[in-house]
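Participant: One point on numbering: in the numbering used here, the residue at position 136 of the sequence shown is 187, and numbering is uninterrupted. Yeah, the Cβ is synthetic: ideal placement off N, Cα and C, and Gly gets one too.
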Amino acid sequence: MKVFRKIVITTMFMVFCGMILGGCGKNEIKSPGNTLTDKPSDIVTDTGNKSQTDKPINTADENKTDTSADTADAGSEEDSEEVIKEGTVKKNGNVVLKQLAFVYQENTIAISDSVDDQKIESILGKAEEIKSHTYSKEDGLNMDQLNGMTEKQYQYSGLLIKTIQTADDKKSTIFSIEITDPDYPTVRNIKVGDSFEKLKNAYPEGNLTGGELSDQEDDFRYEPVNYVDVMSFHIKDKKVESILIYSLID
52 MKVFRKIVIT TMFMVFCGMI LGGCGKNEIK SPGNTLTDKP SDIVTDTGNK SQTDKPINTA
112 DENKTDTSAD TADAGSEEDS EEVIKEGTVK KNGNVVLKQL AFVYQENTIA ISDSVDDQKI
172 ESILGKAEEI KSHTYSKEDG LNMDQLNGMT EKQYQYSGLL IKTIQTADDK KSTIFSIEIT
232 DPDYPTVRNI KVGDSFEKLK NAYPEGNLTG GELSDQEDDF RYEPVNYVDV MSFHIKDKKV
292 ESILIYSLID
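1) Looking at the strands, I want to know which residues DSSP matches up with GLU263.
2) Can you have a look at ILE171 and say buried or exposed, based on whether 16 or more other CB atoms are within 10 angstroms of its CB?
3) What is the rounded straight-line gap between the Cα of GLU202 and the Cα of THR214?
4) Would you check if the stretch 149 to 159 and the stretch 183 to 190 touch, i.e. whether three or more CB-CB distances between them fall below 8 Å?
5) Express the C-alpha separation of LEU299 and PRO255 in angstroms, rounding to a whole number.
6) Do three or more CB pairs link the stretch 207 to 226 to the stretch 262 to 280 at distances below 8 Å?
7) According to DSSP, is MET63 part of a helix, a strand, or is it coil?
8) Out of ALA178, SER293, VAL166, point me to the one whose CA is closest to TYR235's CA.
9) Quick one: measure Cβ to Cβ for VAL281 and SER223, integer angstroms, because I've assumed they're closer than 8 Å.
10) Can you tell which of GLU229, MET65, TYR297, LYS287 has the C-alpha that lies nearest to the C-alpha of GLN206?
11) Look at the alpha carbon of SER183 and the alpha carbon of GLN204, and state the distance between them as a whole number of angstroms.
12) Leaving out the 5 sequence neighbours to the left and right, which residues in its chain are closer than 7 Å to ILE174 when beta-carbon positions are compared?
13) With a threshold of 16 other CB atoms inside 10 Å of the CB of TYR273, please say whether the residue is buried or exposed.
14) In the structure shown, what three-state DSSP assignment does ASP280 receive?
15) Per DSSP, ALA152 forms a beta bridge with which residues?
16) Determine the burial state of ILE181: buried for a count of at least 16 other Cβ atoms within 10 Å of its Cβ, exposed for fewer.
17) Distance, Cα to Cα, PRO233 vs SER208?
18) How many angstroms separate the CA atom of ALA178 from the CA atom of ILE225?
19) Let me know the secondary structure DSSP gives LEU175 once reduced to three states.
20) Just curious, the alpha helix (DSSP H) that LEU211 is in, first and last residue?
21) With DSSP as the reference, identify every bridge partner of GLN206, one or two as the case may be.
22) With a cut-off of 8 Å on the beta carbons, I'd call PHE284 and VAL291 a contact; round off their distance for me.
23) Just list the residues that DSSP pairs ARG272 with in beta bridges.
24) Locate the alpha helix (DSSP H) running through LEU192, then write down its first and last residues.
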């Protein structure tokens, strides 16, 4: 009897242990992403709930394209600004017209400068002679495009300045400067008597009208933008004999 009870108790104990072990195995939860073959647990699979990572991101190539476009736009603005500076109407801020000038006692006088008798005298002193003429149909000069305009000429030793004044705004501007004296160098320090080599080095943009330097007289023209505003150096014996700076009048 005692043996039978021991067998029953032992059997029940083993069954009880088996139940406990079975229950532990069933309660074990396998979480996703715990093995190498499982999908990562942080991937969002719900297409109806997009995260911020779904937003498009510019690639390196796209950024490069955008940068190139910005660079091109900046280049266009610079080109446009340069074209504006190279206009021929106004000299204010115009680097081109400031090149068409001469220097006298640290004062610069350029084509299209607005001047009057007092201003010219304050810079150059009293002129040796001043001439004035108002164009008209009756003057016999056949300068109909200038009718109603008044031209003034200021004569100095080795220098002649011409201005034109319109009938509308009463404003005089310089349209011609003739230099035959070394006292009036250009803004690039070229003066009457300088060699052609020095002239060419100072104005590499210029050209001889004859094509090549020779023993014959020739003109060396510096035209920054067009044929309207010009600086012309007359060459004789391979030296600068005179300088003419002018702007064509409409």
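Facilitator: This is what the structure gives:
1) For the purposes of this step, residue 263 is taken as residue 212 along the sequence shown, with counting starting at 1. GLU263 is not bridged to any residue.
2) Position 120 of the sequence shown holds residue 171. It counts as buried.
3) Locating residue 202 in the sequence shown gives position 151, counting from the first residue. Locating residue 214 in the sequence shown gives position 163, counting from the first residue. Each residue's Cα considered, the two are about 6 Å apart.
4) no
5) Counted from its first residue, the sequence shown places residue 255 at position 204. Counted from its first residue, the sequence shown places residue 299 at position 248. Using only the alpha carbons, I get a separation of about 23 Å.
6) no
7) Within the sequence shown, numbered from 1, the residue matching residue 63 stands at position 12. In this structure, MET63 counts as helix in the three-state DSSP scheme.
8) In the sequence shown, the residue the question calls residue 235 occupies position 184. The residue with the shortest Cα to Cα distance from TYR235 is SER293.
9) In the sequence shown, counting from the first residue as 1, residue 281 sits at position 230. In the sequence shown, counting from the first residue as 1, residue 223 sits at position 172. VAL281 to SER223, Cβ: 20 Å. No contact.
10) If you number the sequence shown from 1, residue 206 lands on position 155. Here the closest residue by C-alpha is GLU229.
11) As a position in the sequence shown, residue 183 is number 132, starting the count at 1. As a position in the sequence shown, residue 204 is number 153, starting the count at 1. Cα-Cα distance, rounded: 6 Å.
12) Stepping through the sequence shown from its first residue, residue 174 is reached at position 123. Result list for ILE174: TYR155, ASN158, ILE160, in chain order.
13) Here residue 273 refers to the residue found at position 222 when the sequence shown is read from its first residue. So TYR273 ends up on the buried side.
14) As a working mapping, residue 280 is identified with position 229 in the sequence shown. Three-state DSSP puts ASP280 in a strand.
15) Along the sequence shown, read from residue 1 onward, the residue named residue 152 stands at position 101. Answer is ALA161, bridged to ALA152.
16) The sequence position of residue 181 within the sequence shown is 130, counting from 1. Burial call: exposed.
17) The residue you call residue 233 lines up with position 182 of the sequence shown. The residue you call residue 208 lines up with position 157 of the sequence shown. One C-alpha to the other measures close to 11 Å.
18) In the sequence shown, counting from the first residue as 1, residue 178 sits at position 127. In the sequence shown, counting from the first residue as 1, residue 225 sits at position 174. For ALA178 and ILE225, the distance between alpha carbons rounds to 15 Å.
19) Looking up residue 175 in the sequence shown gives position 124. Three-state result, LEU175: helix.
20) The residue labelled residue 211 in the question sits at position 160 within the sequence shown. No alpha helix (DSSP H) holds LEU211; the beta strand (DSSP E) holding it covers 210 to 216.
21) On the sequence shown, position 155 is the one that residue 206 refers to. Paired residues: GLU180, LEU211.
22) Residue mapping note: residue 284 aligns to position 233 of the sequence shown, counting from 1. Residue mapping note: residue 291 aligns to position 240 of the sequence shown, counting from 1. So it is a contact: roughly 5 Å between Cβ atoms.
23) Indexing the sequence shown from 1 puts residue 272 at position 221. ARG272 pairs with ASN258, SER283.
24) By 1-based counting over the sequence shown, the position of residue 192 is 141. Here LEU192 belongs to no alpha helix (DSSP H), and DSSP marks it neither H nor E.
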